[in-house]
Amino acid sequence: MKHLKPINIKAQKIEQSVDAVDDEDVVALQQLPGGPRPHVPMGCTLSFSPGWEVDAGGGTAGLCQPVERDIYDCYVTCFWPVQVPDHVNYSPDWASNCAAATKDWRNLDLVFP
Amino acid sequence: MTVMLSQRYKRGELHEFQAADNGFIYLVSAGAIFALDEVTKSVLELLEHGEMDHADLVGALVAAGNDPVDAEGLVRELRLVGVIHSKEIIPARAPAGPPMDYPLQALVLNVTNQCNLACTYCYEFGSDKIATPQGKPKYMTLETAKASIDFLLESSGNREAVHVTFFGGETLMNFKLLREVVGYANVQAAGQGRKITFSLTTNGTLLTDEIIDFLSDNAIGVTVSMDGPAELQDKRRVYKSGKGSYAVIEPRLRALIARHKTRAVTARVTLTDGVTDVIRIYRHLKDDIGFHEVGFAPVTASDNQDYSLGDNGMETVLDGFHALSEEWLEYALRGQMHGFTNVSETIGELISGTNKSHPCGAGLGLLGVSPSGDLSPCHRFTDADTHTLGNLETGLDQAKREDFLSRGHVGAKYECQTCWARPLCAGGCHHEAFVRYGDTGHANLHYCDWIRDWTDTCLKIYGTIAARNPGFLEHFAKRKGLS
Chain E
563 MKHLKPINIK
573 AQKIEQSVDA
583 VDDEDVVALQ
593 QLPGGPRPHV
603 PMGCTLSFSP
613 GWEVDAGGGT
623 AGLCQPVERD
633 IYDCYVTCFW
643 PVQVPDHVNY
653 SPDWASNCAA
663 ATKDWRNLDL
673 VFP
Chain V
645 MTVMLSQRYK
655 RGELHEFQAA
665 DNGFIYLVSA
675 GAIFALDEVT
685 KSVLELLEHG
695 EMDHADLVGA
705 LVAAGNDPVD
715 AEGLVRELRL
725 VGVIHSKEII
735 PARAPAGPPM
745 DYPLQALVLN
755 VTNQCNLACT
765 YCYEFGSDKI
775 ATPQGKPKYM
785 TLETAKASID
795 FLLESSGNRE
805 AVHVTFFGGE
815 TLMNFKLLRE
825 VVGYANVQAA
835 GQGRKITFSL
845 TTNGTLLTDE
855 IIDFLSDNAI
865 GVTVSMDGPA
875 ELQDKRRVYK
885 SGKGSYAVIE
895 PRLRALIARH
905 KTRAVTARVT
915 LTDGVTDVIR
925 IYRHLKDDIG
935 FHEVGFAPVT
945 ASDNQDYSLG
955 DNGMETVLDG
965 FHALSEEWLE
975 YALRGQMHGF
985 TNVSETIGEL
995 ISGTNKSHPC
1005 GAGLGLLGVS
1015 PSGDLSPCHR
1025 FTDADTHTLG
1035 NLETGLDQAK
1045 REDFLSRGHV
1055 GAKYECQTCW
1065 ARPLCAGGCH
1075 HEAFVRYGDT
1085 GHANLHYCDW
1095 IRDWTDTCLK
1105 IYGTIAARNP
1115 GFLEHFAKRK
1125 GLS
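So the sequence lines, in the order shown, correspond to chains E and V. Each residue of the first sequence is one higher than the one before, counting from 563 in the working numbering. Each residue of the second sequence is one higher than the one before, counting from 645 in the working numbering.
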């Protein structure tokens, strides 16, 4: 603090708490302030699923998982209402004709709620 | 997308004061004290008459010659501390259930409800009495006293040190018990690796060299209730025959002060109608008799008692307080201790930044025990059936205690919510409130102006010392009032 000079013990404690505030530190979905850095948001980005990235050659052939795998990340593991149907309530059978995403992805149809 | 956030600022809850040519604020929400610089003062002036937009406030600061980055930084600093705020601050409400497991710190043992004096203003025996001692034991038995010590040690959690105050009636009418229980308490506390300290309040009439030596050997703090030189003392501190007590106590007090080497010996003066010459009383007790400290309090009285302090009396008292506090400050700037307790106690609370939920520890860290073993919020409620909080045998009555503490919480006192002095006052003495208003949870409205004036005086003393002799304040950092 630059302008207020604390002159009792309570004021010193306030100064310490103000000095500890770092309002440049903007983070999404953070847990507790002052927690471990970098902040690890919760949700699907917690698991590393190579998805629409490209491999070292600029293509998708060498990825460790097929790009189509992302569909399942959103469909099954994520709570977020993304642009795929939800498998809990409305479209439990949406992916039943798609055994292997790389081969059968064409069987995934649109859903009209 | 850019979201524009427009904050409108107003002043937080502050009490501003000047001391030693500096500006200070007392931050009411916290009990914190800050010294101000010029630019902060200018912000408070800008907000004196209402709210201001963030941009306008920063703009005004820049127009006054401040660097824009600094101006933003200042506004941020003041906002984070709570000196200015942009949202409605909703005062904390009284908790539905105050802490029930709060560890006990002190017990006041009323070792007897008998007294050899008949002071006319006595809250225990006078016309405002609330005690109902009929049919109850007059003297505490050793058994009850020992049970009290056990209760204190059991109920005090992990505290390293606990305190026992012996009280009456006239405490020394049961000195025999006092002597035995001190020995018992020391053994019990030592067995648990803990410390127990003692103090007592007496009218001084029964002090003997033998008693004084015992008090000194056991480091028992002594407070003498007394009103000043003979003429003032004998006005109301009298025997049942009406005879004054000054001549009896004077030689005993001189012996007490000469022989008691281990603790400060304090006088506690009750101010009543005609007993308002604070300076004369102080000089006599401090300089002539030799007390280490002298504290003053106006008598507790309902309206229309002949001993009550009227408004004129109160003014005279305040003038005396101000004169003595100036003297206190002169001493402090020279690094010397002055014996005017009322300032010392308040400075002790100001340095830590006390922000009270309740006016005192009664019912919280402190309880009174009557000769019969009844528990009460403090010694002033001893033997009053309507205020009993259980008994040593049956334990603390948590429902009654909760009622007492909920009522007494500062958040439950409507008038206190707009008062800047509430962190220290919290509405004032529960007993005084009961005598005046019939409710322990009523704010002591008859003292509000006086309390604010006194708190302001002590803040100015505090600010002056902080500016000119800050090291001196360290003496008070550990001071703990147990009166």
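Think of the CB as a built atom: it goes at the ideal place given N, C-alpha and C, for glycine as much as any other residue.
* Asked: Where does the unbroken alpha helix (DSSP H) through V/T788 begin, and where does it stop?
  -> V/T788: member of the alpha helix (DSSP H) spanning L786 to E798, first to last residue.
task: Kindly indicate the opening and closing residues of the alpha helix (DSSP H) around V/F940.
output: Per DSSP, V/F940 belongs to no alpha helix (DSSP H); it is in the beta strand (DSSP E), E937 to P942.
Going by C-alpha to C-alpha distance, which of V/G1072, V/T1101, V/D853 and V/L751 sits closest to V/S1014? Comparing Cα positions, the closest option is V/L751.
Since E/H649 meets chain V, which of its residues come closer than 9 Å, beta carbon to beta carbon?
Correct list: empty, because the minimum Cβ distance to chain V is about 32 Å.
Any beta carbon of chain V sitting closer than 7 Å to that of E/A582? Taking Cβ atoms only, chain V never reaches closer than 7 Å to E/A582, which makes this a no.
Listed in chain order, which residues of the region 974 to 1003 of chain V have Cβ atoms closer than 9 Å to some Cβ of chain E? Here the close residues are L994, I995, S996, G997, T998 and N999.
Q) So the beta strand (DSSP E) V/F1116 belongs to, where does it begin and stop? A) Per DSSP, V/F1116 belongs to no beta strand (DSSP E) and is neither H nor E.
*Quick one: list the residues of chain E neighbouring V/G1177, beta-carbon separation under 7 Å, in chain order.*
Outside the displayed range of chain V (645 to 1127) lies residue 1177 of chain V, so it cannot be described from this structure.
Quiz prompt | V/I923 to V/Y890 span [Cα, whole Å] | solution = Taking the straight line from one Cα to the other gives about 19 Å.
message = So with CB distances below 9 Å, who are the chain E contacts of V/L680?
response = Taking a Cβ-Cβ threshold of 9 Å, the residues of chain E close to V/L680 are H565, L566 and K567, in chain order.
Practice task
Count the CB pairs spanning the region 886 to 903 of chain V and the region 849 to 858 of chain V that are closer than 8 Å, and state whether there are at least three.
Solution key: They touch, by the three-pair rule.
Exercise for the section: Report the partner residues of V/P751 according to the DSSP bridge assignment. Expected result: In the sequence as presented, Pro is not what sits at residue 751 of chain V; that position holds Leu. For V/L751, which the question treats as bridged, DSSP gives the partners V/V808 and V/L1011.
**Item:** Test: E/Q592 CB closer than 7 Å to a CB of chain V
**Value:** Summary for E/Q592: the model assigns pLDDT 44, below 50, so the residue's position carries little reliability; its value from the coordinates is reported in the next sentence. Output row for E/Q592: interface = no.
message = Counting C-beta neighbours from all protein chains within 10 Å, is the total for V/H1074 16 or more, i.e. buried, or is it exposed?
response = V/H1074 counts as buried, since at least 16 other C-beta atoms from the protein chains shown sit within 10 angstroms of its C-beta.
Mark E/D671 as exposed unless 16 or more other C-beta atoms lie within 10 angstroms of its C-beta, in which case mark it buried.
Its Cβ having fewer than 16 others within 10 Å, E/D671 is exposed.
Please list the partners that V/V702 has in chain E, where partner means a Cβ-to-Cβ separation under 8 Å. Chain E residues near V/V702: none, gap ~14 Å exceeds 8 Å.
(message) So V/A1110 contacts chain E; which residues on that side make the cut at Cβ distance below 7 Å?
(response) Going along chain E in sequence order, the residues near V/A1110 (Cβ under 7 Å) are I569.
Quiz item: So, do the region 802 to 820 of chain V and the region 917 to 931 of chain V have three or more beta carbon pairs nearer to each other than 8 Å?
Solution: The answer is no - the region 917 to 931 of chain V does not touch the region 802 to 820 of chain V, with fewer than three Cβ pairs under 8 Å.
- Task: Report the rounded CA-to-CA distance for V/D1093 versus V/L753, giving the unit in angstroms.
- Result: The alpha-carbon atoms of V/D1093 and V/L753 are separated by roughly 34 Å.
**Request:** Measure the C-alpha to C-alpha separation of V/L953 and V/Q1042 and round it to an integer number of angstroms.
**Result:** V/L953 and V/Q1042 have their C-alpha atoms roughly 37 Å apart.
**Message:** Give me the chain E residues within the contact set of V/E721, using Cβ-Cβ distance strictly less than 8 Å, ordered along the chain.
**Reply:** Within 8 Å Cβ-Cβ: M563, K564, H565, L566 and V580.
Quiz item: Leaving out the 5 sequence neighbours to the left and right, which residues in its chain are closer than 7 Å to V/R1024 when beta-carbon positions are compared?
Solution: In chain order, Y767 and H1075 place their CB closer than 7 Å to the CB of V/R1024, counting only its own chain and leaving out the 5 sequence neighbours on each side.
- [ ] Please name the residue or residues paired with V/A663 in a DSSP beta bridge.
- [x] In DSSP, V/A663 forms a bridge with V/N666.
Margin query: Here's the rule: buried if 16 or more other CB atoms are within 10 angstroms of the residue's CB, otherwise exposed. What is V/L876?
Written below: With 16 or more other Cβ atoms within 10 Å, it is buried.
* **Residues bridged to E/P568 (per DSSP)** => According to DSSP, E/P568 bridges with V/F678.
Run of the alpha helix (DSSP H) containing V/F842, from where it starts to where it stops: In the DSSP assignment, V/F842 falls outside any alpha helix (DSSP H) and lies within the beta strand (DSSP E) extending over K839 to T846.
- Task: Go through the region 903 to 957 of chain V residue by residue and report every complete run of the alpha helix (DSSP H) that reaches 4 residues or more, in order.
- Result: Runs of the alpha helix (DSSP H) inside the region 903 to 957 of chain V: 922 to 926.
Ranges of the beta strand (DSSP E) found wholly within the region 999 to 1064 of chain V, counting only runs of at least 3
If you keep only unbroken beta strand (DSSP E) runs of at least 3 residues inside the region 999 to 1064 of chain V, you get 1010 to 1013.
Q. Does the beta-carbon distance from V/L724 to E/V580 come in below 7 Å?
A. Judged by their CB atoms, V/L724 and E/V580 are nearer to each other than the 7 Å cut-off.
Q) Who are the neighbours of V/I677 on chain E, taking C-beta pairs under 8 Å? A) Contact of V/I677 with chain E by beta-carbon distance below 8 Å involves P568, I569, N570, K572 and A573.
What three-state label does DSSP hand V/T867 in the structure shown? It is a strand residue.
- prompt: Where V/I669 and V/F795 are concerned, what is the direct C-alpha to C-alpha distance, given to the nearest angstrom?
  reply: Distance from the CA atom of V/I669 to the CA atom of V/F795, rounded to whole angstroms, is 43 Å.
Delimiting residues of the beta strand (DSSP E) encompassing V/K820:
Secondary structure note for V/K820: it is in no beta strand (DSSP E), and the uninterrupted alpha helix (DSSP H) holding it is F819 to G835.
task = Check whether the region 1093 to 1110 of chain V touches the region 1032 to 1040 of chain V, counting contact only when three or more Cβ pairs, one atom from each stretch, lie closer than 8 Å.
result = They do not touch, by the three-pair rule.
Which of helix, strand or coil does DSSP assign to V/V882? Note: V/V882 maps to strand in three-state DSSP.
- prompt: What does a CB cutoff of less than 6 Å around E/G619 pick up in its chain, not counting 5 residues either side in sequence?
  reply: Within the same chain, and ignoring the five residues on either side of E/G619 in sequence, no residue has its Cβ closer than 6 Å to its Cβ.
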